[in-house]
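Accompanying notes for the structure given below.
Chains as they are written, first to last, in our numbering: chain A, 1 to 72; chain B, 1 to 218.
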């Protein structure tokens, strides 16, 4: 993985971690969460895009590692 | 509607920023607890990036200005002052307990991205050999995640591990006393040097979102 991919990956993971914390962690003071965040909210659309980018980067990384392994 | 950001202790002044929908921040005292809120026009019907970022920014600014903070999960607005007062009053002891637990700590997140050891000639293995190989792989993943997690947990006041659905080798959060954050980061750097084959992403310091939930029996 290049330095640029690495930075990109770190940035994306940080965004995913942030959104996950705000929407899924934190104290619930009363009752149910009334917002339905699962069906198509902008944030989750953005989150899915981010996650798929992370997965793509990870695949690239593994292919690169496999290529290095094949050479040695 | 009233949007609640966090419960705080030892906050001198509100940070100079606005909240969700650009509304000014306000403070409330309920059952001896110090709350930060803002008013919103109507109930939010959609989660927007702007609203989530506004909430996150307010919580982050409050964290640097408070001795202790319990971040509130985004998504629950209160219809009236009465509803807010009743809700906080009911949960006050658990919330006090939660504030005490996170006092003086920050949260770090860690994701160690999935690591698949290369599979060799699985086509030539018998069913039993294949199963054994898969079991060995699982045992190795488990051993490795424990090896990474344990030294970090030792530096933490509390830790939370999240489900493996993501395929990550390790996905966890650590509640770390402020005086140990340097040691914690050093330990992460040490683990990275030990395992150059892994991609470890440490994030934070975060407000203690992952340690804010209070149990009813707390």
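We put the beta carbon where it would ideally sit given N, CA and C, even for glycine.
Neighbour list for residue i in chain B, Cβ cutoff strictly below 9 Å
i, result
"residue 4 of chain A", "Neighbours of residue 4 of chain A on chain B: none; closest Cβ ~14 Å, over 9 Å."
Through-space distance from residue j to residue i, alpha-carbon basis
i, j, result
"residue 198 of chain B", "residue 113 of chain B", "7 Å"
"residue 18 of chain B", "residue 188 of chain B", "35 Å"
"residue 193 of chain B", "residue 154 of chain B", "19 Å"
"residue 2 of chain B", "residue 80 of chain B", "7 Å"
"residue 71 of chain B", "residue 25 of chain B", "15 Å"
"residue 49 of chain B", "residue 20 of chain B", "11 Å"
"residue 10 of chain A", "residue 159 of chain B", "22 Å"
"residue 169 of chain B", "residue 31 of chain B", "43 Å"
"residue 109 of chain B", "residue 15 of chain A", "12 Å"
"residue 76 of chain B", "residue 42 of chain B", "12 Å"
"residue 27 of chain B", "residue 202 of chain B", "33 Å"
"residue 30 of chain A", "residue 91 of chain B", "8 Å"
"residue 7 of chain B", "residue 99 of chain B", "8 Å"
"residue 16 of chain B", "residue 51 of chain B", "17 Å"
"residue 38 of chain B", "residue 23 of chain B", "6 Å"
"residue 46 of chain A", "residue 124 of chain B", "Any reading at residue 46 of chain A needs caution, since the residue's pLDDT is 47, under 50, leaving its predicted position unreliable; the model's value is listed next. Each residue's Cα considered, the two are about 43 Å apart."
"residue 139 of chain B", "residue 61 of chain B", "42 Å"
"residue 204 of chain B", "residue 68 of chain B", "17 Å"
"residue 207 of chain B", "residue 162 of chain B", "18 Å"
"residue 86 of chain B", "residue 12 of chain B", "25 Å"
"residue 95 of chain B", "residue 101 of chain B", "10 Å"
"residue 36 of chain B", "residue 20 of chain A", "21 Å"
Interface partners of residue i on chain A, CB under 7 Å
i, result
"residue 109 of chain B", "17"
"residue 56 of chain B", "18 and 22"
"residue 98 of chain B", "27"
Limits of the unbroken alpha helix (DSSP H) element including residue i
i, result
"residue 145 of chain B", "127-154"
"residue 10 of chain A", "3-24"
"residue 53 of chain B", "49-65"
"residue 95 of chain B", "81-102"
"residue 190 of chain B", "181-194"
Buried versus exposed call for residue i [16 or more other C-beta atoms within 10 Å across all chains shown]
i, result
"residue 191 of chain B", "buried"
"residue 135 of chain B", "exposed"
"residue 218 of chain B", "Only weak support is given to the placement of residue 218 of chain B: the predicted model assigns it a pLDDT of 37, under 50, and the value that follows is read from those uncertain coordinates. When all chains shown are included, residue 218 of chain B counts as exposed."
"residue 127 of chain B", "exposed"
"residue 73 of chain B", "buried"
"residue 4 of chain A", "exposed"
"residue 97 of chain B", "exposed"
"residue 149 of chain B", "buried"
"residue 142 of chain B", "exposed"
Unbroken beta strand (DSSP E) run spanning residue i, endpoints
i, result
"residue 108 of chain B", "105-112"
"residue 5 of chain B", "2-9"
"residue 161 of chain B", "158-161"
"residue 170 of chain B", "170-177"
"residue 27 of chain A", "No beta strand (DSSP E) contains residue 27 of chain A, which DSSP labels as neither H nor E."
"residue 201 of chain B", "200-206"
"residue 68 of chain B", "68-71"
Chain A contact residues for residue i, given Cβ-Cβ distances below 9 Å
i, result
"residue 71 of chain B", "21, 22, 25, 26 and 27"
"residue 37 of chain B", "Those within 9 Å of residue 37 of chain B in chain A number zero; the least Cβ separation is about 11 Å."
"residue 213 of chain B", "25, 26, 27 and 28"
"residue 133 of chain B", "Those do not exist, as residue 133 of chain B stays about 18 Å from chain A at its closest Cβ, beyond 9 Å."
Chain-ordered chain A contacts of residue i [CB-CB under 8 Å]
i, result
"residue 222 of chain B", "Residue 222 of chain B falls outside the range modelled here, since chain B spans only 1 to 218, and no answer is possible."
"residue 52 of chain B", "19, 22, 23 and 43"
(Q) What are the residues in the stretch 178-211 of chain B lying within 7 Å of chain C by C-beta distance? (A) Looking at the structure shown, chain C is missing, and the protein chains on hand are A and B.
Q: Would you list, in sequence order, the uninterrupted beta strand (DSSP E) runs of no fewer than 3 residues that lie entirely inside the stretch 11-46 of chain B?
A: Counting whole runs of 3 or more residues, the stretch 11-46 of chain B contains the beta strand (DSSP E) stretches 26-30 and 33-39.
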